[in-house]
Amino acid sequence: MTTQDATLLGVIVFGLLRGISPSHGWTVAVLYSIRNKRSPLLGSIVSSGIIAGAYFLSSIIVIIAYILVSTFIIQIPQLYLNYAVAIALGILAVTC
23 MTTQDATLLG
33 VIVFGLLRGI
43 SPSHGWTVAV
53 LYSIRNKRSP
63 LLGSIVSSGI
73 IAGAYFLSSI
83 IVIIAYILVS
93 TFIIQIPQLY
103 LNYAVAIALG
113 ILAVTC
């Protein structure tokens with residue numbers, strides 16, 4: 023397994039574990055939406071979908087930035103680039 027494969031696997035596992043953790047915002051959104059008297063199921067699906075979509079989009083942006091930097095900027099050692107991506111995704115996980 024190469025370093026790039028290990029990094030990709032680590033990012034995927036981290037994202038999955040972060041997404042199912044109870045501290046993630048979607049659980050709060052679902053519980054809030056369930057209290058809606060008109061359409062609790064629809065409200066919970068929409069609100070959790072918005073949060074999940076924003077989180078997914080921000081993760082994709084970090085991965086696209088990683089691909090662009092690793093393709094066009096060769097002076098940065100791969101190890102440092104991997105650390106930068108891990109830090110960026112960690113910041114996203116804490117703030118989302």
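In terms of the numbering used here, the sequence shown has 112 at position 90, counting the first letter as 1, and numbering is strictly consecutive.
Don't be surprised by glycine CBs; every beta carbon is placed ideally from N, CA and C.
*Alpha carbon of residue 83 to alpha carbon of residue 101, nearest angstrom*: Inter-residue distance for residue 83 and residue 101 is about 20 Å (C-alpha atoms, whole angstroms).
*So what's residue 61 in DSSP terms, helix, strand or just coil?*
coil
*Compute the beta-carbon to beta-carbon distance between residue 81 and residue 112, rounded to the nearest angstrom, for a pair I have assumed lies under 8 Å.*
12 Å between Cβ atoms; not a contact.
*Relative to the C-alpha of residue 86, which residue among 67, 61, 107 and 68 is closest?*
107
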